[in-house]
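Chains as they are written, first to last, in my numbering: chain Z, 4 to 86; chain B, 553 to 698. Take a look at the structure below.
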């Protein structure tokens with residue numbers, strides 16, 4: 004148990020090896036989830052879990068869709084300028 | 553009245569400090585327990601992901617002051633961790649074989665983004681907790697007619 008604990012703590016002293024590939028973009032999703040959860044936790048007037056989860060999911064997908072659309076517009080702009 | 557106002561200001565400072573010390577604690581002492589648990593778990597989770605991806609070396613004012621300013625919002629412990637990392641990096645200039653917790657490239661950037669976001673989200677929670685405490689006091693004062 005002690006060895007596992009130290010092994011776990013040691014994993015925080017060396018960075019993970021991440022390559023620059025399309026899958027790296029998926030690391031955006033946990034960040035969007037945290038922002039949505041904390042923002043809605045502060046924003047909802049009464050903390051009822053059904054309302055809170057619904058609003059959080061809506062915000063999560065709104066941010067994700069906005070980022071995807073922005074990325075597509077920037078990609079098309081770059082493609083048009085460099086074509 | 554003045555005594556009450558003085559106590560209230562002290563209480564606001566206390567709420568702000570406790571919310572900075574432990575994410576969600578400000579809401580907890582204001583009896584917003586569900587919010588407090590959600591805030592605590594989410595902010596700790598975000599910070600831990602950042603530190604896991606980039607290692608504790610991502611908290612370093614000597615290499616990235618701007619993200620450190622965001623990270624400070626997470627907890628006073630970040631200031632201690634940052635000063636330790638900065639001291640290790642300074643020491644590394646004299647002993648090149650010992651680089652401390654140096655981290656570069658994509659893990660560094662992603663770790664900094666996660667930890668800075670956690671700090672800034674906690675800053676939002678601190679402001680919200682102080683605001684709730686202030687509004688409640690004003691409402692009570694309004695009810696008492698003073």
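Cβ coordinates follow ideal geometry from the N, Cα and C atoms, glycine included. Computed from a predicted model, the values in this text were never measured in an experiment.
Practice item. Consider the Cβ of residue 587/B: report whether some Cβ of chain A lies at a distance smaller than 8 Å. Key: In summary, chain A is missing from the structure at hand, where the protein chains are Z and B.
Review point. In three-state terms, what does DSSP make of residue 620/B?
Key: Walking along the second chain from the start, residue 620/B turns up at place 68. Helix, per DSSP.
Check your understanding: Is the beta carbon of residue 669/B less than 8 Å from the beta carbon of residue 37/Z?
Key -> The residue labelled residue 669/B in the question sits at position 117 within the second chain. The residue labelled residue 37/Z in the question sits at position 34 within the first chain. Between residue 669/B and residue 37/Z, the CB-CB gap stays under 8 Å.
Review point. Taking only beta-carbon atoms, is residue 607/B less than 8 Å away from chain Z?
Key: Position 55 of the second chain, counted from the start, is the residue given in the question as residue 607/B. Closer than 8 Å: yes.
Exercise for review: Spell out whether any CB of chain Z is found under 8 Å from the CB atom of residue 712/B.
Suggested key: This structure leaves residue 712/B out entirely; chain B is present only between 553 and 698.
Check your understanding: Count the other CB atoms within 10 Å of the CB of residue 587/B; is the residue buried (16 or more) or exposed (fewer)?
Key -> For the purposes of this step, residue 587/B is taken as residue 35 along the second chain, with counting starting at 1. Under this definition residue 587/B is a buried residue.
Review point. Quick check: the stretch 618-631 of chain B against the stretch 670-679 of chain B, are there 3 or more CB pairs under 8 Å?
Key: yes
Review point. Cα-Cα, which of 20/Z, 34/Z, 5/Z is closest to residue 660/B?
Key: Taking the first residue of the second chain as 1, we reach residue 660/B at position 108. It is 20/Z whose Cα lies nearest to the Cα of residue 660/B.
Review point. Grouping DSSP H, G and I as helix and E and B as strand, with all else coil, what is residue 567/B?
Key: Start at 1 with the first residue of the second chain, and residue 567/B comes out as number 15. In this structure, residue 567/B counts as helix in the three-state DSSP scheme.
Review point. Which chain B residues are close to residue 14/Z, counting only those with a beta carbon under 9 Å from its beta carbon?
Key: What you label residue 14/Z is simply residue 11 of the first chain in a count that begins at 1. In chain order, 604, 607 make up the part of chain B whose C-beta sits under 9 Å from the C-beta of residue 14/Z.
Check your understanding: Buried or exposed: where does residue 65/Z fall if 16 or more other Cβ atoms within 10 Å of its Cβ makes it buried?
Key -> For this step, residue 65/Z is matched to residue 62 along the first chain. Burial call: exposed.
**Study point:** Contact residues within the stretch 665-689 of chain B, judged by C-beta distance below 8 Å to chain Z
**Key:** 665, 666, 669, 670, 673, 676, 677, 680
**Study point:** Rounded separation between residue 41/Z and residue 636/B - CA only
**Key:** Position 38 of the first chain, counted from the start, is the residue given in the question as residue 41/Z. Position 84 of the second chain, counted from the start, is the residue given in the question as residue 636/B. C-alpha separation (whole angstroms): 29 Å.
Practice item. Give the interface partners of residue 592/B over in chain Z, defined as CB-CB distance under 9 Å, in chain order. Key: Taking the second chain and counting its residues from 1, one reaches residue 592/B at position 40. In chain order: nothing, as chain Z lies at least about 10 Å away.
Review point. Which runs of the alpha helix (DSSP H) spanning at least 4 residues fall entirely within the stretch 593-643 of chain B, listed in chain order?
Key: 617-624
Exercise for review: With 7 Å as the C-beta to C-beta threshold (strictly closer), list the residues of the stretch 39-50 of chain Z near chain B in chain order.
Suggested key: 40, 41, 44, 45, 50
Practice item. Would you mind telling me which residues of chain B sit closer than 8 Å to residue 23/Z, beta carbon to beta carbon, in chain order? Key: On the first chain, position 20 is the one that residue 23/Z refers to. Listed along chain B, the residues sitting closer than 8 Å to residue 23/Z by beta-carbon distance are 658.
Exercise for review: Please confirm whether residue 33/Z and residue 606/B have their CB atoms less than 8 Å apart.
Suggested key: Here residue 33/Z refers to the residue found at position 30 of the first chain. Here residue 606/B refers to the residue found at position 54 of the second chain. No, Cβ-Cβ distance for residue 33/Z and residue 606/B is not below 8 Å.
Check your understanding: Since residue 74/Z meets chain B, which of its residues come closer than 8 Å, beta carbon to beta carbon?
Key -> Working through the first chain from its first residue, we reach residue 74/Z at position 71. Per Cβ cutoff of 8 Å: no residues; residue 74/Z is ~16 Å from chain B at best.
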